[in-house]
């Protein structure tokens with residue numbers, strides 16, 4: 210059953226991170242006309258690695274993240290948000306009855322993986338959203354989300370077929 214859990218956990222994590230990235234890209238698009246808004250994104254591969262193997266990333270983060278591709282459409286320059294490359298952000302708890310947030314279910318910001326996108330072309334209002342990039346990244350991420358969902362559905366159908374005979 211452990212192999213089955215691992216297979217489903219991979220797809221579940223991929224879907225969760227894709228949905229989280231879609232929210233970031235949606236916020237960027239929604240704030241395209243907001244003065245001083247800084248576009249944010251995440252390196253999906255690094256976020257996936259951090260979510261699936263938290264022990265490997267607990268001590269620190271790779272310094273190559275800023276130059277890593279952000280979703281498959283080519284490299285986009287990123288800069289850390291809220292300490293980004295300094296490692297995981299601590300979760301403040303005001304009561305001993307609060308449940309600690311485990312690394313597998315923590316949002317990507319706790320791994321320092323949500324980053325500001327560096328400006329490719331400056332604007333008068335200091336907004337770093339480039340609508341062409343945002344739309345392309347949004348569409349790419351949506352297609353990849355659908356692909357992950359299709360793979361998960363395929364795994365479930367195979368399992369149901371094996372159970373039902």
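Numbering (the working numbering), first residue to last: 210 to 374.
Glycine included, every Cβ here is placed at the ideal spot set by N, Cα and C.
Whole-angstrom distance between residue j and residue i, CA atom to CA atom
i: residue 232; j: residue 240; result: 12 angstroms
i: residue 222; j: residue 363; result: 16 angstroms
i: residue 325; j: residue 368; result: 41 angstroms
i: residue 352; j: residue 220; result: 15 angstroms
i: residue 303; j: residue 262; result: 28 angstroms
i: residue 252; j: residue 371; result: 36 angstroms
i: residue 254; j: residue 264; result: 16 angstroms
i: residue 337; j: residue 225; result: 26 angstroms
i: residue 237; j: residue 228; result: 14 angstroms
i: residue 374; j: residue 346; result: 42 angstroms
Residue environment, residue i, which counts as buried when at least 16 other CB atoms sit within 10 Å
i: residue 344; result: exposed
i: residue 365; result: exposed
i: residue 332; result: exposed
i: residue 350; result: buried
i: residue 330; result: exposed
i: residue 259; result: buried
Three-state secondary structure (DSSP) of residue i
i: residue 242; result: coil
i: residue 330; result: coil
i: residue 250; result: strand
i: residue 306; result: coil
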